[in-house]
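Step one of this worksheet: look at the structure below.
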Amino acid sequence: MSEGSRTQLLVKARFNFEQTNEDELSFNKSDVINVTRQEEGGWWEGNLNGKTGWFPSNYVREIKGCDKQVSPKSGTLKSPPKGFDTTAISKTYYNLVLQNILETETEYSKDLQSLLTNYLRSLQSTEKLSSTDVYLILGNLEEISTFQQMLVQSLEECTKLPESQQKVGSFFLNLMPQMKALYVGYCSNHPSAVNVLTQHR
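Residue numbers (the working numbering): 36 to 236.
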């Protein structure tokens with residue numbers, strides 16, 4: 036269907052689609068969309084509830100009885116329509132994800148430090164628990180907290196680099212052996228820590 040064609044094609048949404056750019060069209064499963072333009076590469080333009088925008092054609096199916104017999108299932112997301120800037124969208128999405136990772140890891144680091152400072156370290160001076168019990172409750176949380184602080188600091192430094200040099204995936208892969216060892220140790224000790232806490236409730 037070329038732009039300006041009067042042939043109407045109605046399609047029904049097979050899945051929900053949430054826009055990530057102002058030029059895109061959000062819709063819910065089963066919504067009926069009037070297709071206003073089709074482009075090779077799998078992105079179509081359509082109208083829904085007075086709003087026009089682009090959407091992936093493989094998210095919809097043709098409503099039988101429309102004038103033009105075109106199967107949306109044949110569309111693949113090979114490339115966006117002309118003039119459709121995906122670079123800016125990708126960068127924005129990448130930055131949002133990276134920021135979310137950094138915020139989550141920072142919050143986790145603060146929670147660990149708070150747990151250790153306000154609760155667990157004070158157990159070392161109590162007479163109600165043996166040194167063995169305190170050791171079991173603490174487990175390797177000190178080591179995990181130190182590791183987490185290092186991770187956050189490294190992530191912050193990573194975000195300051197040019198995007199092409201950040202390589203966040205490689206950063207996490209390189210830390211995976213250390214991370215695995217720490218959390219395997221934590222999980223192995225957890226039943227013993229719970230047992231001590233249960234005994235002293």
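We put the CB at the ideal spot given by N, CA and C, even for glycine.
Reduced DSSP secondary structure (H/G/I, E/B, other) of Y218: The three-state reading of DSSP puts Y218 in helix, counting H, G and I together.
Within 8 Å, strictly: CB atoms of Y55 and Y129: Sequence check: residue 55 is Thr here, not Tyr. No. Outside cutoff.
Same chain, Cβ closer than 7 Å to P107, five either side skipped, listed in chain order: Per-residue confidence for P107 stands at a pLDDT of 45, beneath the threshold of 50, marking its modelled position as unreliable; no derived number is given.
N-terminal and C-terminal residue of the beta strand (DSSP E) that Q183 is part of: Taken as a continuous stretch (DSSP letters only), Q183 belongs to no beta strand (DSSP E), being part of the alpha helix (DSSP H) at L176 to K195.
G76 vs I68 beta-carbon contact at 8 Å: no
At least three beta-carbon pairs within less than 8 Å, the region 160–177 to the region 197–210: no
Given 8 Å, three or more beta-carbon pairs between the region 210–230 and the region 138–155: no
Simplified DSSP state of I68, which is helix, strand or coil: strand
H225 to L147 span [Cα, whole Å]: 15 Å
For E198, three-class secondary structure by DSSP: helix
Status (buried if at least 16 other CB within 10 Å, exposed otherwise) for S180: Buried is the call here.
Residue range of the beta strand (DSSP E) that includes T87: K86 to P91
Neighbourhood of T141 by C-beta distance below 7 Å, restricted to the same chain and skipping five residues each side: Only V187 meet the Cβ criterion.
From E57, W79 and E74, residue whose alpha carbon lies closest to that of A48: W79
CA-to-CA distance, A228 to G174, given in whole angstroms: 8 Å
Supposed close pair L133, T194 - CB separation, criterion 8 Å: L133 to T194, Cβ: 6 Å. Contact.
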